[in-house]
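**Student:** Residue numbers (the numbering used here), protein chains in the order written: chain B, 2 to 329; chain S, 2 to 329.
For glycine and all other residues, C-beta sits at the position ideal for the given N, C-alpha and C.
Computed from a predicted model, the values in this text were never measured in an experiment.
There are 2 protein chains.
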Amino acid sequence: MRIVILGMGSVGRGVLASIMEKDLPFTVTGIADSKSGIVDPSGIDPGKVMTIKREKGICGNPGITPIDVVRQADYDVLVEVTTTNATTGEPATSHIREAIMRGRHVVTSNKGPLALHFRELKALAREHDVSLRYEATVAGAIPVMHTIENGLAGNRINAIYGVLNGTCNYILTRMAEEGLSYEQALIEARELGYAEADPTYDVKGIDAAIKVVILANTIWNMNVGLSDVEVTGIDLLTTAAIRLAEEQDCTIRLLGEAVPNKNLLRVSPRILPRDHPLVLNGTLNALTLSTDLAGDITLIGKGAGSKETASAIIGDILFIKRMYAGRA
Amino acid sequence: MRIVILGMGSVGRGVLASIMEKDLPFTVTGIADSKSGIVDPSGIDPGKVMTIKREKGICGNPGITPIDVVRQADYDVLVEVTTTNATTGEPATSHIREAIMRGRHVVTSNKGPLALHFRELKALAREHDVSLRYEATVAGAIPVMHTIENGLAGNRINAIYGVLNGTCNYILTRMAEEGLSYEQALIEARELGYAEADPTYDVKGIDAAIKVVILANTIWNMNVGLSDVEVTGIDLLTTAAIRLAEEQDCTIRLLGEAVPNKNLLRVSPRILPRDHPLVLNGTLNALTLSTDLAGDITLIGKGAGSKETASAIIGDILFIKRMYAGRA
């Protein structure tokens with residue numbers, strides 16, 4: 002498979018590192034970060050690019066933009082792993098559209114295009130007979146999309162419940178375990194690299210809500226957006242509220258829920274029994290799929306990280322390779 | 002897809018019921034139980050067969066055997082869901098071999114053939130360019146094989162740890178929760194239909210060990226059998242031992258483990274912290290896959306049941322359909 006990688010942040014570098022370490026059957030024919038690009042039909046040495054990026058801060062020629070790479074490179078799969086912009090979805094949406102219209106498959110970790118233009122992009126991919134895969138957009142390393150698509154094919158999924166934001170889960174874990182205030186736990190999360198300098202997106206529940214949107218659109222072919230989700234964050238939670246829950250063998254977790262037959266799309270702090278399968282400590286993510294045949298299936302794993310997200314990306318590329326080879 | 006179903010026990014009936022309820026794109030062209038069979042290239046009405054089976058105890062013509070159906074019917078996929086014989090693997094192994102040699106795909110819930118003839122059957126399927134799928138053999142409704150094959154493709158799996166027998170998990174749960182003795186909990190499990198009249202296979206850890214064998218052969222292309230697994234059951238566990246664990250915020254679970262770089266294949270009662278992800282109550286199953294990129298991924302769900310096993314079977318048939326259609 003010839004692939005092009007757009008984005009040289011933690012995810013892009015994770016994908017390149019895995020290709021190097023694992024001798025995966027991929028040839029990288031184009032790479033771009035926000036400031037430069039490189040196109041080479043004969044294959045780019047991932048190690049060399051990583052070194053250049055580390056030393057100079059850019060990966061290639063400053064005259065080449067990401068969209069140039071999308072248009073000029075020769076590839077089977079576009080790996081779109083630029084930074085998510087949840088308001089405009091750009092520039093990722095343009096990259097994805099352009100690649101699909103060139104008849105290329107797309108694998109992405111970028112939540113913006115999926116949250117904002119789900120139906121359009123899926124239809125465009127169908128029209129051009131290519132695959133658009135986005136395992137990495139929800140719950141990091143946990144293969145939720147593969148499970149929905151294949152493992153549970155034949156089931157009707159009636160509802161989903163998930164802990165979809167590791168930053169919030171870390172903060173809530175620490176508030177419960179150590180009696181920290183929200184502010185103290187947030188500072189700790191920042192120091193450990195689990196929270197961004199501006200944590201709004203995570204702690205207000207927006208990131209979790211975007212994942213609920215992507216799941217709902219995928220599972221039930223909905224056409225919903227962020228504004229359709231009732232969202233409450235964790236930033237107003239008090240230590241006293243958590244202590245009260247703990248006194249009753251419960252705790253509080255930020256839960257994303259989608260239950261179509263109750264018209265429910267919600268992200269909010271919920272009181273859960275401490276032995277509930279979705280009560281996990283630290284930055285873990287988890288998702289329960291409630292189905293008609295298989296009952297409840299719960300998946301637990303790491304929701305973020307460079308290697309973890311690369312795992313999802315690589316799984317998607319290999320799945321495209323397998324599907325288009327046409328053998329089980 | 003034209004399918005043949007061998008076995009009209011709980012799993013076979015579950016598959017037929019799902020085909021009826023869900024209007025799945027399958028035509029059933031042959032069915033057999035241990036005493037009778039029916040072949041009809043124009044399609045068998047699942048409802049009619051279920052009624053006949055309920056009323057007469059057989060599903061078709063007493064002159065037609067399962068192997069006749071394998072040989073004579075016209076089908077794409079053989080669904081082998083006869084009762085497991087863990088000692089001989091028969092007659093299921095013969096059914097599977099014959100179908101593969103006729104160039105048919107096979108989907109099975111039967112652990113015998115996989116535990117005893119894994120490598121031979123996989124090689125035979127490869128040789129005949131057909132698919133042999135067995136999601137239902139391990140952990141019931143939980144799509145562990147799909148996760149290993151696709152969701153985590155690109156990962157190296159370093160170890161697996163699982164609660165793979167619901168009967169044992171139920172007994173251990175009740176011993177811990179209510180202070181029941183092993184014998185009392187076993188009686189209760191029998192009354193609820195969670196344990197067989199002869200529970201040896203479950204409580205001695207044999208069933209869990211067979212699943213460890215199937216997983217190890219699948220993940221690491223091993224060639225191991227039941228005798229390669231160090232097996233200790235739960236039948237000698239005392240209430241006192243469980244109480245002791247509980248006093249230290251731990252409990253005991255029957256754990257299946259495979260860790261190749263420690264040469265470890267083992268099923269044994271293990272002391273685990275009560276908040277460990279594999280500590281679940283009742284008849285649930287769970288499996289943790291320890292990987293290099295994705296970290297630990299844990300899957301939890303129902304390990305048995307008619308509908309639950311049908312979910313795995315149907316997922317496998319639909320996957321074959323998808324793969325051989327050659328589109329992602």
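Check the Cβ of Ile-309 of chain S against every Cβ in chain B and list those closer than 7 Å, keeping chain order.
**Tutor:** Note on identity: in this sequence residue 309 of chain S is Glu, with Ile being the wrong assignment. By Cβ distance, chain B contributes Leu-294, Ala-295 and Gly-296.
**Student:** So is Met-9 of chain S buried or exposed if we call it buried at 16+ other beta carbons inside 10 Å?
**Tutor:** buried
**Student:** At the 9 Å Cβ level, is Ile-318 of chain B part of the contact set with chain S, yes or no?
**Tutor:** yes
**Student:** Just to check my reading of the structure: Pro-274 of chain S and Asp-250 of chain S have Cβ atoms closer than 8 Å, yes? What is that Cβ distance to the nearest angstrom?
**Tutor:** Correct: roughly 6 Å between the Cβ atoms.
**Student:** So which residues of chain B does Lys-303 of chain S contact, with C-beta pairs closer than 9 Å?
**Tutor:** Ala-295, Gly-296, Asp-297 and Ile-298
**Student:** Could you please give me the residues that DSSP links to Thr-138 of chain B through a beta bridge?
**Tutor:** Answer is none; Thr-138 of chain B lacks a bridge partner.
**Student:** Please report the distance separating the alpha-carbon of Ala-154 of chain B from that of Ile-315 of chain S.
**Tutor:** Using only the alpha carbons, I get a separation of about 7 Å.
**Student:** Taking a cut of 7 Å between CB atoms, which residues from the region 133 to 154 of chain B lie near chain S?
**Tutor:** Ala-142, Ile-143, Pro-144, His-147, Thr-148, Asn-151, Gly-152, Leu-153 and Ala-154
**Student:** Compare the C-beta of Ala-246 of chain B against all C-beta atoms of chain S and say whether one is closer than 9 Å.
**Tutor:** At least 9 Å separates the CB of Ala-246 of chain B from every CB of chain S.
**Student:** Please give the ranges of any alpha helix (DSSP H) in the region 115 to 183 of chain B, keeping only runs that are unbroken, at least 4 residues long and fully inside the region.
**Tutor:** 167 to 179
**Student:** Assign Thr-85 of chain S to one of two classes, buried (16 or more other C-beta atoms within 10 Å of its C-beta) or exposed (fewer than that).
**Tutor:** buried
**Student:** Can you give me the C-alpha to C-alpha distance between Thr-239 of chain B and Tyr-183 of chain B, rounded to a whole angstrom?
**Tutor:** Whole-angstrom Cα-Cα distance: 7 Å.
**Student:** Quick check on this structure: which residue in S:Val-268, S:Arg-267, S:Thr-284 and S:Leu-288 has the alpha carbon closest to the alpha carbon of His-277 of chain S?
**Tutor:** S:Leu-288
**Student:** Starting from Arg-267 of chain B, follow its DSSP beta bridges and name the residues at the other end.
**Tutor:** B:Glu-231 and B:Glu-258
**Student:** Give a yes or no on whether 9 Å exceeds the smallest Cβ distance from Met-21 of chain S to chain B.
**Tutor:** No - not a single Cβ of chain B is within 9 Å of the one on Met-21 of chain S.
**Student:** When we look at the beta-carbon of Ala-177 of chain S and count the other beta-carbons within 10 Å, is it buried (16 or more) or exposed?
**Tutor:** buried
**Student:** Give a yes or no on whether the minimum CB-CB distance between Ala-87 of chain S and chain B is below 9 Å.
**Tutor:** So no, Ala-87 of chain S is outside the interface.
**Student:** Is Gly-38 of chain B helix, strand or coil by DSSP?
**Tutor:** strand
**Student:** I'd like to check one pair, Ile-6 of chain B with Val-80 of chain B: are the Cβ atoms closer than 9 Å?
**Tutor:** The criterion of a C-beta distance shorter than 9 Å is satisfied by Val-80 of chain B and Ile-6 of chain B.
**Student:** Mind checking which residues open and close the beta strand (DSSP E) that includes Arg-3 of chain B?
**Tutor:** 3 to 7
**Student:** Would you identify the three-state DSSP class for Ala-326 of chain B, choosing helix, strand or coil?
**Tutor:** Helix.
**Student:** Should Pro-200 of chain S be labelled buried (16 or more other beta-carbon atoms within 10 Å of its own) or exposed?
**Tutor:** buried
**Student:** Quick one: what's Asp-250 of chain B bridged to in DSSP?
**Tutor:** DSSP lists no partner for Asp-250 of chain B.
**Student:** For the 8 Å Cβ check, are there 3 or more pairs between the region 111 to 122 of chain B and the region 213 to 229 of chain B?
**Tutor:** A contact exists between the region 111 to 122 of chain B and the region 213 to 229 of chain B.
**Student:** What did DSSP end up calling Ile-314 of chain S once you bin it into helix, strand or coil?
**Tutor:** helix
**Student:** Where does Leu-79 of chain S fall in DSSP's three states?
**Tutor:** The answer is strand: DSSP assigns Leu-79 of chain S an E or B state.
**Student:** Just how far apart, CA to CA, sit Arg-14 of chain B and Glu-56 of chain B?
**Tutor:** 14 Å
**Student:** Tell me, please, whether the CB atom of Leu-165 of chain S is closer than 9 Å to any CB atom in chain B?
**Tutor:** Not an interface residue.
**Student:** Taking 8 Å as the limit between beta carbons, can you name the residues of its chain near Arg-328 of chain B, skipping five residues before and five after?
**Tutor:** The pLDDT assigned to Arg-328 of chain B is 43, lower than 50, so where the model puts this residue is not dependable; a value taken from the coordinates is nonetheless given after this. Within the same chain, Arg-328 of chain B has no close Cβ partners at all.
**Student:** With a cut-off of 8 Å on the beta carbons, I'd call Val-16 of chain S and Val-82 of chain S a contact; round off their distance for me.
**Tutor:** With 8 Å as the limit, Val-16 of chain S and Val-82 of chain S qualify as a contact, their Cβ atoms being about 7 Å apart.
**Student:** Compute the Euclidean distance between the alpha carbons of Gly-283 of chain B and Ala-190 of chain B, then round it to the nearest angstrom.
**Tutor:** 10 Å
**Student:** Within the continuous alpha helix (DSSP H) that includes Val-50 of chain S, where are the two ends?
**Tutor:** Counting along the chain, the alpha helix (DSSP H) containing Val-50 of chain S begins and ends at 47 to 57.
**Student:** Output, in sequence order along the chain, the residues in the region 24 to 49 of chain S whose CB is closer than 9 Å to any CB in chain B.
**Tutor:** Leu-25
**Student:** Here's the rule I'm using: 16 or more other beta-carbon atoms within 10 Å means buried, otherwise exposed. How should Thr-89 of chain S be labelled?
**Tutor:** exposed
**Student:** Would you kindly work out how many angstroms separate the C-alpha atoms of Ile-101 of chain B and Ala-18 of chain B, rounded to a whole number?
**Tutor:** 26 Å
**Student:** Which value, in whole angstroms, describes the spacing of the CA atoms of Ile-235 of chain B and Asp-293 of chain B?
**Tutor:** 32 Å
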